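This report concerns only the one structure given below.
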Amino acid sequence: MRPQRSQGKIRPKVSSMPRQNSEAAAYLDIYKLAIEKERLLNELNGLEQRSKHIRERLAILSTQVHSIESPAQAVAPIAKPPATKGYNTLFFEY
0 MRPQRSQGKI RPKVSSMPRQ NSEAAAYLDI YKLAIEKERL LNELNGLEQR
50 SKHIRERLAI LSTQVHSIES PAQAVAPIAK PPATKGYNTL FFEY
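The opening residue of the sequence shown carries number 0 in numbering that gives the first Met the number 0; numbering runs sequentially from there.
As C-alpha coordinates, then:
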(Lines of atoms letter the chains of each structure in order from A and count residues from 1; the text may use other names and numbers.)
(Lines give C-alpha, C1' and ligand atoms only; values in the text may rest on other atoms or scores of the structure.)
Protein backbone atom coordinates (compact mmCIF):
# COMPACT_ATOMS: atom_id res chain seq x y z
CA MET A 1 0.00 0.00 0.00
CA ARG A 2 1.06 3.53 -0.61
CA PRO A 3 1.68 5.73 2.40
CA GLN A 4 -1.17 8.14 3.04
CA ARG A 5 -0.39 11.82 2.68
CA SER A 6 -2.07 14.28 4.94
CA GLN A 7 -5.38 15.51 3.57
CA GLY A 8 -4.43 19.13 4.12
CA LYS A 9 -4.31 22.00 1.70
CA ILE A 10 -2.82 21.34 -1.75
CA ARG A 11 0.23 23.54 -2.02
CA PRO A 12 1.26 24.96 -5.38
CA LYS A 13 4.76 24.34 -6.68
CA VAL A 14 6.88 27.45 -6.37
CA SER A 15 10.27 28.42 -7.74
CA SER A 16 13.15 28.88 -5.37
CA MET A 17 14.36 32.03 -7.13
CA PRO A 18 12.11 35.05 -7.57
CA ARG A 19 11.70 36.28 -11.14
CA GLN A 20 11.69 39.83 -12.39
CA ASN A 21 8.31 41.30 -13.27
CA SER A 22 8.18 41.00 -17.04
CA GLU A 23 5.90 39.76 -19.77
CA ALA A 24 7.90 36.52 -20.01
CA ALA A 25 7.50 35.93 -16.27
CA ALA A 26 3.74 36.47 -16.57
CA TYR A 27 3.52 33.94 -19.42
CA LEU A 28 5.60 31.48 -17.41
CA ASP A 29 3.21 31.85 -14.46
CA ILE A 30 0.23 31.31 -16.77
CA TYR A 31 1.90 28.20 -18.18
CA LYS A 32 2.64 26.81 -14.70
CA LEU A 33 -0.94 27.43 -13.59
CA ALA A 34 -2.30 25.74 -16.73
CA ILE A 35 -0.08 22.70 -16.14
CA GLU A 36 -1.16 22.47 -12.50
CA LYS A 37 -4.81 22.79 -13.51
CA GLU A 38 -4.41 19.95 -16.03
CA ARG A 39 -2.68 17.77 -13.45
CA LEU A 40 -5.41 18.39 -10.87
CA LEU A 41 -8.16 17.67 -13.41
CA ASN A 42 -6.47 14.38 -14.32
CA GLU A 43 -6.16 13.49 -10.65
CA LEU A 44 -9.83 14.34 -10.05
CA ASN A 45 -10.85 12.21 -13.03
CA GLY A 46 -8.84 9.28 -11.66
CA LEU A 47 -10.46 9.68 -8.23
CA GLU A 48 -13.93 9.74 -9.78
CA GLN A 49 -13.20 6.55 -11.72
CA ARG A 50 -11.85 4.88 -8.59
CA SER A 51 -14.94 5.96 -6.65
CA LYS A 52 -17.16 4.52 -9.39
CA HIS A 53 -15.32 1.16 -9.28
CA ILE A 54 -15.60 1.03 -5.49
CA ARG A 55 -19.35 1.74 -5.60
CA GLU A 56 -19.85 -0.98 -8.24
CA ARG A 57 -17.91 -3.49 -6.15
CA LEU A 58 -19.90 -2.58 -3.02
CA ALA A 59 -23.15 -3.15 -4.94
CA ILE A 60 -21.92 -6.56 -6.11
CA LEU A 61 -20.91 -7.52 -2.58
CA SER A 62 -24.26 -6.40 -1.22
CA THR A 63 -26.18 -8.57 -3.70
CA GLN A 64 -23.92 -11.54 -2.97
CA VAL A 65 -24.43 -11.19 0.79
CA HIS A 66 -28.19 -10.91 0.29
CA SER A 67 -28.29 -13.98 -1.98
CA ILE A 68 -26.38 -16.02 0.60
CA GLU A 69 -28.42 -14.80 3.58
CA SER A 70 -31.81 -15.65 2.06
CA PRO A 71 -31.28 -19.43 1.70
CA ALA A 72 -29.38 -19.59 4.98
CA GLN A 73 -32.34 -18.15 6.88
CA ALA A 74 -34.76 -20.53 5.15
CA VAL A 75 -32.84 -23.62 6.28
CA ALA A 76 -34.09 -25.04 9.57
CA PRO A 77 -31.68 -24.58 12.44
CA ILE A 78 -29.46 -27.56 13.07
CA ALA A 79 -30.47 -29.50 16.17
CA LYS A 80 -27.79 -29.54 18.83
CA PRO A 81 -26.61 -32.97 19.91
CA PRO A 82 -27.70 -33.94 23.40
CA ALA A 83 -25.34 -32.78 26.11
CA THR A 84 -22.94 -35.50 27.11
CA LYS A 85 -21.53 -36.11 30.51
CA GLY A 86 -18.64 -33.78 31.23
CA TYR A 87 -15.05 -34.88 31.46
CA ASN A 88 -13.62 -36.19 34.69
CA THR A 89 -11.08 -33.68 35.90
CA LEU A 90 -7.93 -34.82 37.64
CA PHE A 91 -5.54 -32.54 39.51
CA PHE A 92 -1.90 -33.40 39.80
CA GLU A 93 0.21 -31.70 42.40
CA TYR A 94 3.94 -31.67 42.17
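Backbone N, C-alpha and C define an ideal beta-carbon position, used for all residues, glycine too. Bear in mind the structure is a predicted one, so any value in this text is a computation, not a measurement.
- Distance between residue 26 and residue 17, taken at the CA atoms: about 15 Å.
- When DSSP states are grouped into helix, strand and coil, residue 53 belongs to the helix group.
- For residue 18, the secondary structure class from DSSP, reduced to helix, strand or coil, is coil.
- When secondary structure is reduced to three states using DSSP, residue 36 falls in the helix class.
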